[in-house]
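In what follows, a structure is listed as structure tokens, so that the remarks can point back to it.
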Amino acid sequence: MCGRFTLMIDADELQAEFGLQAAPAEYAPRYNIAPSQPVAVITEWPARRLDHMSWGLVPSWAKDPAFGSKMINARSETAQEKPAFRSAFIRRRCLIPADGFYEWKKAAAKGPSIPYYFYLAGHKPFGFAGLWEIWHAPDGGILNSCTILTTAANSLVAPVHERMPVILSAVAAGQWLGPGSPQVWQDLLKPYPAEQMAAHQVSSLVNSPHKEGPELVIPYAG
Numbered sequence: 165m166c167g168r169f170t171l172m173i174d175a176d177e178l179q180a181e182f183g184l185q186a187a188p189a190e191y192a193p194r195y196n197i198a199p200s201q202p203v204a205v206i207t208e209w210p211a212r213r214l215d216h217m218s219w220g221l222v223p224s225w226a227k228d229p230a231f232g233s234k235m236i237n238a239r240s241e242t243a244q245e246k247p248a249f250r251s252a253f254i255r256r257r258c259l260i261p262a263d264g265f266y267e268w269k270k271a272a273a274k275g276p277s278i279p280y281y282f283y284l285a286g287h288k289p290f291g292f293a294g295l296w297e298i299w300h301a302p303d304g305g306i307l308n309s310c311t312i313l314t315t316a317a318n319s320l321v322a323p324v325h326e327r328m329p330v331i332l333s334a335v336a337a338g339q340w341l342g343p344g345s346p347q348v349w350q351d352l353l354k355p356y357p358a359e360q361m362a363a364h365q366v367s368s369l370v371n372s373p374h375k376e377g378p379e380l381v382i383p384y385a386g
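Numbering-wise, this note's numbering comes out as the position in the sequence shown, counting from 1, plus 164.
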């Protein structure tokens, strides 16, 4: 799964890296993005625009927005079949900018799980494959929300967790957002090459979603 990630670059870098029409006005680097919080989302192609949505997809038919707390991730292998995701898979695919994500390794004994930070070699920013949805509240309000697609872990992530978020290359990101077919989009949802990634253990400070700051991604020896 993917339950926490980072987007540490500044607004100008974000615009350049993802080909945005403009640098986002309301944006701040984040070191500990958690479920239910607003996340940066790119939905349009080729004229890319960045919006913010709640992390945790709320289907249009949900009775309560709290439903989204169970939908922070969608398994890429079955997203096309699930009622909560199948419409979004066809009509509302998105790219969620990031530059790293956290995962926790279960301790061998009864100790606390150990957090690790995963990122691309060279710390290059990337996009998660995501889906987004529109929910209409009874009072007329509108909530836009999103989920991150996951796949089987590659050989770097597997010793820590059996699943990982789908990371898209620049070419794959364009294909994901652009026109195509369900099979074309499905074929993009695979583990990112392990040899193009790196990882290190980090402090348990990241366990709290209320913690923020560059100290969260610093290597920690334990």
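Quick reminder that beta carbons are idealized off the backbone N, C-alpha and C, glycines included.
Only a predicted model underlies this, so the values are computations on that prediction, with no experimental measurement involved.
If you check the CB distance, Ile260 and Ala187 do not come in under 8 Å. Here Ser233 has Pro199, Ser200, Gly220 as same chain residues with Cβ atoms under 7 Å from its own Cβ, once five neighbours each way along the sequence are excluded. DSSP places Val348 in no beta strand (DSSP E) but in the uninterrupted alpha helix (DSSP H) bounded by 346-351. The secondary-structure analysis by DSSP pairs Ala293 across a beta bridge with Leu259. Sequence-distant Cβ neighbours of Glu181 in its own chain, meaning closer than 6 Å and more than five residues away, are Pro289. Taking a cut-off of 8 Å on C-beta distances, the stretch 245-265 touches the stretch 276-288, as three or more cross pairs fall below it. Looking at the DSSP output, Asn237 bridges to Ile312. Boundaries of the alpha helix (DSSP H) harbouring Glu177: 175-182, taken from the DSSP string. In the same chain as Asn237, and ignoring 5 residues on each side of it, the C-beta atoms closer than 7 Å to its own belong to Met165, Cys166, Thr311, Ile312, Thr314, in chain order. Boundaries of the beta strand (DSSP E) around Leu214: 214-219.
The three-state reading of DSSP puts Glu359 in helix, counting H, G and I together. Distance from the Cα of Trp299 is smallest, within the candidate group Leu352, Arg327, Ser251, Gln350, for Ser251. The beta carbon of Ala317 is closer than 7 Å to those of His325, Glu326, Arg327, Met328, Pro355 in its chain, skipping five residues each way along the sequence. Secondary structure note for Gly338: its alpha helix (DSSP H) is the uninterrupted segment 334-341. Only residues of its own chain outside the window of five on either side were considered, and among them Cys258 have a CB closer than 6 Å to the CB of Thr207, listed in chain order.
When DSSP states are grouped into helix, strand and coil, Arg327 belongs to the strand group.
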